[in-house]
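Numbered continuously in our numbering, the sequence shown closes out at residue 130. Using N, Cα and C, we set each Cβ at its ideal position, and we do this for glycine too. Remember, it's a predicted structure, so these values are computed and weren't measured experimentally.
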Amino acid sequence: MYTPFILCICLGLLIVYTGYLIWVKKKLNLIAGYQEDVFKGNKEKLAKIFGLYTIVVGIMTMILPFALEYVGLYTGTVFGIVIGVGAVALSVYVMGNQMRS
Numbered sequence: 030m031y032t033p034f035i036l037c038i039c040l041g042l043l044i045v046y047t048g049y050l051i052w053v054k055k056k057l058n059l060i061a062g063y064q065e066d067v068f069k070g071n072k073e074k075l076a077k078i079f080g081l082y083t084i085v086v087g088i089m090t091m092i093l094p095f096a097l098e099y100v101g102l103y104t105g106t107v108f109g110i111v112i113g114v115g116a117v118a119l120s121v122y123v124m125g126n127q128m129r130s
C-alpha cells in the first residue's frame, strides 16, 4: 500500500539531488548529450536552467502519488503534460541560445 509513496519519494529525492549537482556543482556531464567541446552557449545559464528543471521534476515526482490518491487520476495526465511541455520548452530554449552564441 505504501510502496508507491516510498518509491516516488526516494526517486524524487534522487532527481532533486541530480538537479542540485547540475545547478550548484556545475556537473554538466549529467546532462544527456552534453559535449563540452561542441556546446557554444553560456554554461552557467545551461547549468541553472537544467538544474532548476530537474529539481522541479523531482518535486513533482514526490508529490505525484499523493495527488493521484487524494485528487484523482487526471493528475497523472497533468503531470505528463507538464513534464513533456517543459522538456520541449527547455530544448527549444537551449538550442536557441546555442545558435545565438
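Nearest-angstrom Cα distance between residue i and residue j?
| i | j | result |
| --- | --- | --- |
| Y49 | G62 | 19 angstroms |
| I92 | V67 | 36 angstroms |
| L36 | G80 | 22 angstroms |
| T104 | L59 | 29 angstroms |
| L57 | V123 | 13 angstroms |
| I78 | I84 | 10 angstroms |
For residue i versus residue j, is the C-beta spacing smaller than 9 angstroms?
| i | j | result |
| --- | --- | --- |
| G41 | M89 | yes |
| K72 | K55 | yes |
| F34 | F95 | yes |
| A76 | I112 | no |
Judging by CA-CA distance, which residue of the options is the nearest neighbour of residue i?
| i | options | result |
| --- | --- | --- |
| T47 | L119, G70, Q127 and Y82 | Y82 |
| K74 | P94, V53, V86 and G87 | V53 |
| G115 | E65, V86 and Q127 | V86 |
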